[in-house]
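Chemist:
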Amino acid sequence: MHFSWVEKAILLVLLSASVAAFWRTFSAALRNILESKKDSDFRLRPLGPRFRKFFWEVLAQGLVIRQRPLPGLAHAIVFWGFLAFAAITINHIALAFGAAFIPAGSGYKLFVAAFALAVAAAIAGLTFRRFVIRPRWLEPVSAESGLIAFLIFALMVTYLLEFQFPESSAAAKVNWWAHTAVLLFFLPLIPHTKHLHLVLSPLTVFLERHGFSRIPPLAGDEDFGLDTGKDLTRIYSLQAYSCVECGRCTEHCPANNTGKILDPKQIILGTRSYLKEYGPRGTEPLLGKHISMEAAFQCTTCGACEFQCPVGIQHLPFIIGLRRGAVNTGKWEDTHGTDLFLNLERHGNSLGFAHTEREKFIEKNRLPYFDGSQEYCLWMGCMGSYDPQGREIVLALARVLKHLGIGFGVLRREKCTGDPARRLGNDYLFGEMAQANIEQMRRSGVQRLVSICPHCVRTILEDWREFDAEFRIEHHSELLARYSAQLPANQAGRSRIVFHDACYLGRYRGIYDAPREVIARSAEVVNPARSRKRGFCCGAGGGLAFLGEEKGKRVNLERAEQLLATRPDVVGAACPFCHTMLRDGLAAAVPQPPPLLDIAQIAAASLDAPPTADRPPD
Ligand code: SF4
Ligand code: SF4
Numbered sequence: 005m006h007f008s009w010v011e012k013a014i015l016l017v018l019l020s021a022s023v024a025a026f027w028r029t030f031s032a033a034l035r036n037i038l039e040s041k042k043d044s045d046f047r048l049r050p051l052g053p054r055f056r057k058f059f060w061e062v063l064a065q066g067l068v069i070r071q072r073p074l075p076g077l078a079h080a081i082v083f084w085g086f087l088a089f090a091a092i093t094i095n096h097i098a099l100a101f102g103a104a105f106i107p108a109g110s111g112y113k114l115f116v117a118a119f120a121l122a123v124a125a126a127i128a129g130l131t132f133r134r135f136v137i138r139p140r141w142l143e144p145v146s147a148e149s150g151l152i153a154f155l156i157f158a159l160m161v162t163y164l165l166e167f168q169f170p171e172s173s174a175a176a177k178v179n180w181w182a183h184t185a186v187l188l189f190f191l192p193l194i195p196h197t198k199h200l201h202l203v204l205s206p207l208t209v210f211l212e213r214h215g216f217s218r219i220p221p222l223a224g225d226e227d228f229g230l231d232t233g234k235d236l237t238r239i240y241s242l243q244a245y246s247c248v249e250c251g252r253c254t255e256h257c258p259a260n261n262t263g264k265i266l267d268p269k270q271i272i273l274g275t276r277s278y279l280k281e282y283g284p285r286g287t288e289p290l291l292g293k294h295i296s297m298e299a300a301f302q303c304t305t306c307g308a309c310e311f312q313c314p315v316g317i318q319h320l321p322f323i324i325g326l327r328r329g330a331v332n333t334g335k336w337e338d339t340h341g342t343d344l345f346l347n348l349e350r351h352g353n354s355l356g357f358a359h360t361e362r363e364k365f366i367e368k369n370r371l372p373y374f375d376g377s378q379e380y381c382l383w384m385g386c387m388g389s390y391d392p393q394g395r396e397i398v399l400a401l402a403r404v405l406k407h408l409g410i411g412f413g414v415l416r417r418e419k420c421t422g423d424p425a426r427r428l429g430n431d432y433l434f435g436e437m438a439q440a441n442i443e444q445m446r447r448s449g450v451q452r453l454v455s456i457c458p459h460c461v462r463t464i465l466e467d468w469r470e471f472d473a474e475f476r477i478e479h480h481s482e483l484l485a486r487y488s489a490q491l492p493a494n495q496a497g498r499s500r501i502v503f504h505d506a507c508y509l510g511r512y513r514g515i516y517d518a519p520r521e522v523i524a525r526s527a528e529v530v531n532p533a534r535s536r537k538r539g540f541c542c543g544a545g546g547g548l549a550f551l552g553e554e555k556g557k558r559v560n561l562e563r564a565e566q567l568l569a570t571r572p573d574v575v576g577a578a579c580p581f582c583h584t585m586l587r588d589g590l591a592a593a594v595p596q597p598p599p600l601l602d603i604a605q606i607a608a609a610s611l612d613a614p615p616t617a618d619r620p621p622d
């Protein structure tokens with residue numbers, strides 16, 4: 005194909021204009037990211053997990069395909085198509101200057117043609133889904149999405165038409181210009197639209213903070229969390245600009261699904277809008293015009309959003325960061341929140357009981373005190389110490405531990421781990437709670453702990469690291485699963501127990517099988533429609549158990565209905581917070597709900613079961 009100097013000049017002008025328009029918008033985003041403050045706690049190493057994640061989530065598109073197989077595969081085909089087209093596109097422009105390096109009819113061109121067909125079909129499918137099926141979480145449908153889809157489709161069609169026309173024909177030339185026009189129009193649209201993720205998301209995935217839902221520590225006394233734009237770090241800004249607006253986070257958010265105004269996608273897009281309007285030096289509060297304070301405090305910290313996000317956006321640091329900003333600057337006012345903080349300050353527990361109540365319970369039930377000689381320190385937590393149902397779970401676990409011959413003792417004084425204060429943004433109070441406990445535990449020679457509460461386990465294991473605490477703590481499901489062979493097995497008349505995954509056990513720590521193994525010793529495990537990684541929150545996390553839930557349907561009622569849909573004999577749980585939420589949810593859902601038992605209670609009950617034919621008496 006021959007190009008006159010006039011054609012070359014026109015191409016050069018159009019190409020320069022297109023690249024300049026791209027750069028103008030892209031550089032503004034890049035400036036906002038780079039001018040954000042540095043992440044004080046960011047560690048690039050270890051690199052191994054970063055490269056593995058990059059390979060799996062970016063190159064292999066493993067996450068999107070696994071989460072939503074059909075649309076995920078369609079998205080992956082478009083992504084791989086873009087990669088395959090990179091060399092073809094450079095070659096396409098080079099052709100005009102007589103510098104083409106991929107011969108017409110070469111194997112690579114045919115290979116890309118196969119991709120073009122697949123991409124065209126994938127784009128048609130995705131467009132149909134967005135504009136005809138219209139999933140709620142993809143709303144609002146934008147004309148921009150339609151335009152981009154059309155442009156990608158047109159690129160594929162014009163590429164395929166190349167094979168139809170003789171190389172030097174006029175039709176081939178017209179088709180070449182058509183392909184070029186679409187290309188040059190498409191390029192500046194990338195940074196203008198959510199398609200900026202094409203450029204940024206590989207970086208976002210690679211530079212994710214280590215650790216799921218990990219809350220970065222405050223960087224000294226001058227750090228109050230995310231109050232204004234000045235508090236946004238580069239990672240926050242990079243993530244805000246990388247959102248692809250797929251709505252997966254919103255689709256899985258229990259708050260959003262029950263009619264709250266919280267929409268995790270909007271938290272991220274709100275941060276992006278803030279950066280576009282005020283920049284990273286903005287002194288306007290982040291919670292206000294672009295992000296709602298009410299929404300930030302409706303989050304149960306279940307982690308479903310972060311778990312689902314295909315481009316590595318970590319919602320929890322955003323949400324907790326915003327809460328920190330609001331709490332530390334006195335902008336958040338909530339009577340339930342104030343009561344909770346006062347209870348923690350005055351009584352050292354979230355339920356507001358005098359600590360002597362715990363001592364009375366321990367002594368009445370003859371729970372041994374930890375004296376350094378026992379294998380485990382049994383961490384009771386606020387619920388296990390003061391809540392009637394939580395106490396029953398602790399007693400059931402104590403009974404099973406005795407049956408298994410495992411030595412344990414409880415601490416004489418135990419304060420709340422600081423979990424609800426931490427998740428509600430009150431780091432000062434969290435630090436007080438954590439440090440008082442750490443001192444007490446070090447004095448008592450505690451090294452190994454077991455707890456019935458996944459929130460306590462997570463806080464002690466991860467959040468307390470800020471204070472150089474390195475206690476080994478496990479959830480009772482882990483311990484019981486390890487010893488499950490020594491628990492009675494009941495094969496006769498097995499009841500059906502539907503198991504509710506606690507977010508802080510499942511998504512936060514990847515423990516799904518252990519509680520099921522414990523239940524399976526004596527009953528049939530039933531999984532609700534939303535279970536394991538896709539489990540639906542009970543509504544208690546993030547301090548919300550103490551705040552009340554005024555808007556929309558209650559999350560615990562929604563979850564109770566999901567569990568009841570399996571028609572279980574028993575509802576099983578493995579967290580005292582889930583337990584209390586599900587108890588209320590089940591009671592609200594049906595007049596005579598099935599019994600609700602923790603796995604420790606299920607294991608303890610199996611000790612009383614009459615021996616079945618296939619097992620000898622203990
Ligand atoms: S952590 Fe859970 S409740 Fe909070 S925004 Fe994410 S999905 Fe919604
Ligand atoms: S934050 Fe992640 S999951 Fe949510 S819309 Fe953006 S890209 Fe999708």
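Residues in the sequence shown are numbered from 5 upward in steps of one, following the working numbering. Every residue gets a Cβ at the ideal spot worked out from N, C-alpha and C, and that includes glycine. None of the values given here were measured: they were computed from a predicted structure.
With distance defined between alpha-carbon atoms, name the residue in Asp375, Arg395, Gly385 and Asn36 nearest to Ala438.
Modeler: Among Asp375, Arg395, Gly385 and Asn36, the Cα nearest to that of Ala438 belongs to Gly385.
Chemist: Taking the beta strand (DSSP E) that Tyr380 belongs to, which residues open and close that run?
Modeler: Counting along the chain, the beta strand (DSSP E) containing Tyr380 begins and ends at Tyr380 to Trp383.
Chemist: How about Lys177: is its Cβ closer than 7 Å to a heavy atom in ligand 2?
Modeler: No.
Chemist: Kindly give me the distance between the Cβ atoms of Val623 and Leu428, rounded to whole angstroms, as I take these residues to be in contact under 8 Å.
Modeler: With the chain covering only 5 through 622, there is no way to say anything about residue 623.
Chemist: Just to confirm my understanding: we take Asp622, look at its own chain, exclude 5 residues before and 5 after, and list those with CB closer than 7 Å. What are they?
Modeler: Note that Asp622 has pLDDT 41, beneath the 50 cutoff, so the model's placement of it is unreliable and the number below is only indicative. Pro492.
Chemist: Kindly indicate which three-state DSSP category Phe540 falls into: helix, strand or coil?
Modeler: Phe540: coil per DSSP, three-state reduction.
Chemist: Would you tell me roughly how many angstroms separate the C-alpha atoms of Gln65 and Leu200, rounded to the nearest one?
Modeler: C-alpha separation (whole angstroms): 17 Å.
Chemist: Would the stretch 581 to 591 count as touching the stretch 563 to 570 if we require 3 or more Cβ pairs under 8 Å?
Modeler: Flag = yes, the stretch 581 to 591 and the stretch 563 to 570 touch.
Chemist: Following the continuous alpha helix (DSSP H) through Glu470, name the residue where it begins and the one where it ends.
Modeler: Where Glu470 is concerned, there is no enclosing alpha helix (DSSP H), given that its DSSP letter is neither H nor E.
Chemist: Shortest alpha-carbon distance to Phe58 belongs to which of Val209, Glu553 and Gln444?
Modeler: When each option's Cα is compared against that of Phe58, the closest is Val209.
Chemist: Would you say the beta carbon of Gln318 is closer than 7 Å to some non-hydrogen atom of ligand 2?
Modeler: Answer for Gln318: no, Cβ out of range of ligand 2.
Chemist: Based on DSSP bridge pairs, tell me the residues matched to Gly413.
Modeler: Answer is Cys381, bridged to Gly413.
Chemist: Using a 10 Å radius around the Cβ and a threshold of 16 neighbouring Cβ atoms, would you call Leu16 buried or exposed?
Modeler: The residue in question, Leu16, is exposed, as its Cβ has fewer than 16 Cβ neighbours within 10 Å.
Chemist: Only counting the same chain, and skipping five residues up and downstream in sequence, which positions put a Cβ closer than 8 Å to that of Pro620?
Modeler: Residue placement at Pro620 is poorly supported in this model, since its pLDDT is 43, which falls under 50; the coordinates still yield a value, given next. Counting only Cβ-Cβ distances below 8 Å, and skipping sequence neighbours, we find nothing.
Chemist: With 16 as the cutoff for other CB atoms within 10 Å, does Arg350 come out buried or exposed?
Modeler: Exposed, by the Cβ-count rule.
Chemist: Taking 7 Å as the line, does the beta carbon of Pro424 fall inside it for any heavy atom of ligand 1?
Modeler: No, Cβ of Pro424 sits at least 7 Å from all heavy atoms of ligand 1.
Chemist: Within this structure, are the beta carbons of Cys420 and Leu348 separated by less than 8 Å?
Modeler: It is a contact, given that the beta carbons lie within the stated cut-off.
Chemist: Using only the heavy atoms of ligand 1, determine whether one of them is closer than 7 Å to the beta carbon of Pro314.
Modeler: The answer is no for Pro314.
Chemist: Taking DSSP as the reference, what is the three-state secondary structure of Glu310?
Modeler: Looking at Glu310 - three-state DSSP - the assignment turns out to be helix.
Chemist: Please determine whether the Cβ atom of Gly449 lies at a distance below 7 Å from any heavy atom of ligand 2.
Modeler: No, Cβ of Gly449 sits at least 7 Å from all heavy atoms of ligand 2.
Chemist: Can you say whether Asn369 is buried or exposed, counting buried as having 16 or more other CB atoms within 10 angstroms of its CB?
Modeler: Asn369 should be labelled exposed.
Chemist: Any heavy atom of ligand 2 within a distance shorter than 7 Å of the CB on Arg133?
Modeler: Every heavy atom of ligand 2 is 7 Å or more from the Cβ of Arg133, so no.
Chemist: Using the Cβ count rule (16 or more neighbours within 10 Å means buried), how would you classify Ser490?
Modeler: The sequence shown places Gln at residue 490, rather than the Ser named in the question. Answer is exposed; the Cβ neighbour count stays below 16.
Chemist: Going by beta carbon distance, what residues of the same chain come within less than 8 Å of Ala300, once the five residues before and after it are set aside?
Modeler: Contacts found: Leu266, Ile271, Leu291, Ile323, Leu326, Arg327 and Ala330.
Chemist: Along the alpha helix (DSSP H) that carries Val559, what are the first and last residues, could you check?
Modeler: Here the alpha helix (DSSP H) through Val559 covers Val559 to Leu568.
Chemist: So, does the stretch 444 to 454 touch the stretch 393 to 400, judging by three or more C-beta pairs under 8 Å?
Modeler: Short answer: they don't touch.
Chemist: Starting from the C-beta of Glu692, find all residues in its chain whose C-beta is less than 6 Å away, skip the five residues before and the five after it, and write them out in chain order.
Modeler: Limits of the chain in this structure are 5 at one end and 622 at the other, which puts residue 692 out of reach.
Chemist: Give a single yes or no on whether Glu249 has its beta carbon closer than 7 Å to a heavy atom of ligand 2.
Modeler: True, at least one ligand heavy atom lies under 7 Å from that Cβ.
Chemist: Which first and last residues belong to the beta strand (DSSP E) in which Ser455 is found?
Modeler: Arg452 to Ser455 is the extent of the beta strand (DSSP E) around Ser455.
Chemist: When the Cα of Leu405 is compared with those of Arg395, Glu553, Glu379 and Arg416, which residue comes out closest?
Modeler: When each option's Cα is compared against that of Leu405, the closest is Glu379.
Chemist: Starting from the C-beta of Leu371, find all residues in its chain whose C-beta is less than 7 Å away, skip the five residues before and the five after it, and write them out in chain order.
Modeler: Hits under 7 Å: Ala402 and Val414.
Chemist: How about Asp231 and Thr333: do their beta carbons lie closer than 8 Å?
Modeler: Yes. Within cutoff.
Chemist: Roughly how many whole angstroms lie between the Cα atoms of Phe46 and Pro392?
Modeler: For Phe46 and Pro392, the distance between alpha carbons rounds to 42 Å.
Chemist: Pairing CB atoms from the stretch 10 to 26 with CB atoms from the stretch 88 to 105, are three or more of them under 8 Å?
Modeler: Yes, the stretch 10 to 26 is in contact with the stretch 88 to 105.
Chemist: Under the three-state reduction of DSSP, which class applies to Glu249: helix, strand or coil?
Modeler: Of the three classes helix, strand and coil, the one that applies to Glu249 here is coil, per DSSP.
Chemist: Just to confirm, does Ala308 get its C-beta within under 7 Å of one of the non-hydrogen atoms of ligand 1?
Modeler: Indeed, a heavy atom of ligand 1 lies less than 7 Å from the Cβ.
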